[in-house]
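Residue numbers (the working numbering): 387 to 648.
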């Protein structure tokens, strides 16, 4: 987590420099950026990475589908976004479709039990945390813009992770990484960590929170496409049905009435 977020922060700093934007945000924004760095970078990444050691990828996949629901509820409460019947139906369809995609229609005993393991609890905690991070970050976005807000919060979150790296034992794992492992680390740092956070905040600048969060339901479909292309996995009827539900749910949320003005 420390390495990939360091790579992400370096990428965002390079983008800032290329656009000739100030690397250091105004001092008055430091507390807000530190809060975002703690929530969305330090805490979120540690919660999810530790949870994956304690639960399965399938359970993680459908539990993350709860994020759009938390986000819509919080946005309705604190940002005055509408949470009408169309959004409720869309979020319900999206969650049902995500469950079908990640389980491939094979619901094993206890799969949907909450919580099944300590890892499930940590994933659930991370979904609430990400929704809070998304809603809380809108004010900072409005003042700084997506690029500066993302770069500042990621850098400060990375510094917080650096405190954990003072233990010499934390560095020993790097020596055991294979070339493929380093390649995976580079991808995670420059892709999901750097560009992923930037694109997420960039979308929040332009679209209301609940609409942005609904696109998370597409994540299982992207994962499935990668699994088919790279691992040769098969696509069953349940998976296709789940994908159609996901697309229908996201379309419903996007077509719902726009947010009320505060």
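Just so you know, even glycine gets a beta-carbon here, dropped at the ideal spot from N, CA and C.
The structure presented is a predicted model; accordingly, all values stated were derived computationally and were not measured.
TODO: Apply the 10 Å Cβ neighbour rule to residue 550 and answer buried if 16 or more other Cβ atoms are within range, or exposed otherwise.
DONE: exposed
TODO: Would you check if the distance between the CB atom of residue 457 and the CB atom of residue 401 is smaller than 8 Å?
DONE: no
Open item on the list: Is it buried or exposed, residue 555, if we count other Cβ atoms within 10 angstroms and call 16 or more buried?
Closed with: exposed
Open item on the list: Closer than 8 Å is the cut-off here; do at least three beta carbon pairs connect the stretch 537–547 with the stretch 415–429?
Closed with: yes
TODO: Keeping to the same chain, check which residues put their C-beta closer than 6 Å to that of residue 602; ignore five residues upstream and five downstream.
DONE: 453, 454
Task: Alpha-carbon to alpha-carbon, residue 562 and residue 387 - done: 16 Å
Open item on the list: So the candidates are 399, 473, 546; which of them puts its Cα closest to the Cα of residue 432?
Closed with: 546
Open item on the list: Let me confirm a value: residue 620 is counted as buried when at least 16 other C-beta atoms fall within 10 Å, else exposed. Which label applies?
Closed with: exposed
Open item on the list: How far does the alpha helix (DSSP H) with residue 553 in it extend, from its first residue to its last?
Closed with: Neither: residue 553 is in no alpha helix (DSSP H) and is coded neither H nor E.
Open item on the list: So, with DSSP's three-state summary, where would you put residue 469?
Closed with: coil
Task: N- and C-terminal bounds of the alpha helix (DSSP H) containing residue 609 - done: 605–617
TODO: In the DSSP assignment, find the alpha helix (DSSP H) that holds residue 621 and state where it starts and stops.
DONE: No alpha helix (DSSP H) contains residue 621, which DSSP labels as neither H nor E.
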